[in-house]
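What follows is one structure encoded as structure tokens, with my remarks underneath.
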Amino acid sequence: MARNQHFTVHNVMNIPFKELSISDKSTILHYTANSKRRNCDLSFSNLCSWKFNYQTQVAVWKDCLIFKFWADNALAYMMPVGEGDLKTVISDMVDDAKKEGQAF
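For the sequence shown, the residue numbers in the numbering used here are 455 to 558.
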């Protein structure tokens, strides 16, 4: 490599999103029941009810619970829930959106 040549190292780790399912209940409740945020969008029954319309996916990433979904043909994310470093987790979510070819 030539001296002074700049290069960018991209985050090669992928957030392990998976389709939301009933089997995720205990994991989701672990994060949402202990959260200071009280938001009906985080209700497990609401998440399951709407998952078919929004193709909701879920991941546990760096001690945060993350939801990813599609609304009006646009990718969207919920605010992460958990004790992880929010700045790092959101940066990883931005990278995830780029990998999807979508704006964050």
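Glycine included, each C-beta is placed from N, C-alpha and C at the ideal position.
The model shown is predicted, which means the values in this text are computed figures rather than measured ones.
Spatial neighbours of Val548 in its chain, beta-carbon cut-off 7 Å, leaving aside the 5 residues before and after: Phe558
Cross-strand partners of Ala525 (DSSP beta bridge): Ala528
For Lys552, three-class secondary structure by DSSP: helix
Within 9 Å, strictly: CB atoms of Met467 and Asp517: no
Span of the alpha helix (DSSP H) around Leu483: 479-486
For Ala513: DSSP bridge partner residues: Ile520
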